[in-house]
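If you read the sequence shown in my numbering, its first letter stands for residue 19, the second for the next number, and so on. Cβ atoms here follow ideal geometry from the backbone N, Cα and C, with glycine treated the same way. Here is the structure we will look at.
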Amino acid sequence: MARAQTCTVGVTDALDETESAAVAGNPEGRRPRSLTRAEILDTAIELVDREGLDQLTMRRLGSACGVEAMALYRHVHGRQDLLGGIVDHLVEKLYDDQLAARRQEDGWQDYLVRLAHGVRAIAIEHPHLFPTLATRPPEAPWVRPPLRSMKWMETFLDTLISYGFDDRTAVSAYRAYTTFLLGQLLLEVSARGASLSPVEDELPERTLRSLSNYPNLQRMQKQLSEDHGATEFEEALESLLDRLENGAPR
């Protein structure tokens, strides 16, 4: 415990020294403007969009924000926290936009179409970030990419159930839908020059979250955990062959 406190004090002292140096270097003796975590994440996204994920360093981000790199540590705890924050930031914005546009009378097909186009918009606007969004550690082992968010899963399943889906068909739809999105969009961003190889040598394990706020996930956890990969592959392959047969010359 004493060691942890010593480390915290050391970081705080270093941050204070950095801020003091910034003030001393300011001809008017004023502190640089304060940053928020959201502003830092927005700037990081712009930096990656412009220069690629491998160019995202705390030093370069600090320069883009107009502060010393050490000043960023008041809002992000390192590169991994920064990447996790970027993913959450993008997903949360999509969640807010889609939820605002959701209308019960439009039907479940419209909901899935709008959501798919919303996810694709993220992939096209941020091709260098989309592979990271798809490969970040999940909040639970059965949370599938590209939207690795319990809140998203809960809303997705709740929406389908509100239109008459039972638990099993809702889970099947979730699996098929995410498989389609991930495969299609990773191919698209790859064609646009995005690297599909992870930049990070080792991704941190993510602490599993409680399901107490997600009643649908809590109820369907067993079904979500089942492995139907082989069946899903065969069904998708058969569906593809049927589509090709319909368009083949007679």
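Counting the other CB atoms within 10 Å of its CB gives residue 104 a total of 16 or more, which places it among the buried residues. Annotation for residue 134: 199 place their beta carbon closer than 7 Å to its own, counting only its chain and skipping 5 residues before and after. Our two residues, residue 77 and residue 123, have alpha carbons roughly 49 Å apart in a direct line.
Residue 55 and residue 94 have their C-alpha atoms some 7 Å from each other. Taking the Cα of residue 68 as reference, the smallest distance to any Cα among 168, 143, 157 and 169 is reached at 143. By the CB criterion at 8 Å, residue 108 and residue 151 fall inside the cutoff. Taking a contact as a CB-CB distance under 8 Å, the pair residue 79 and residue 90 counts as one, their CB atoms being some 6 Å apart. A straight line joining the alpha-carbon of residue 228 with that of residue 190 spans about 23 Å. Scanning 210, 232 and 194 for the CA closest to the CA of residue 254 turns up 194. A direct Cα-Cα distance of roughly 20 Å separates residue 136 from residue 156.
Taken through DSSP and simplified to helix, strand or coil, residue 183 comes out as coil. Residue 86 carries a coil assignment under DSSP once its states are collapsed to helix, strand and coil. In summary, residue 248 is exposed, with fewer than 16 beta-carbon neighbours lying within 10 Å of its beta-carbon over all protein chains present. If you draw a straight line from the Cα of residue 88 to the Cα of residue 192, it comes to about 42 Å. Residue 91 sits in a helix when the DSSP states are folded into three classes. Check the Cα spacing between residue 145 and each of 53, 238, 212 and 242: the tightest is with 212. In the three-state reduction of the DSSP assignment, residue 245 falls in the coil class. With respect to the C-alpha of residue 114, the residue from 72, 180, 207 and 169 having the closest C-alpha is 169.
Residue 166 counts as buried, since at least 16 other C-beta atoms from the protein chains shown sit within 10 angstroms of its C-beta.
Taking the Cα of residue 188 as reference, the smallest distance to any Cα among 260, 154 and 126 is reached at 126.
Put simply, the backbone Cα of residue 149 is about 30 Å away from that of residue 237. For residue 172, the closest of 231, 110 and 196 by C-alpha to C-alpha distance is 231.
DSSP places residue 233 within a helical segment (H, G or I) once states are collapsed to three. When the alpha-carbon of residue 84 is set against those of 66, 52, 63 and 71, the nearest one is in 52. Measuring C-alpha to C-alpha distances from residue 130 to each of 240, 174 and 141 identifies 174 as the nearest.
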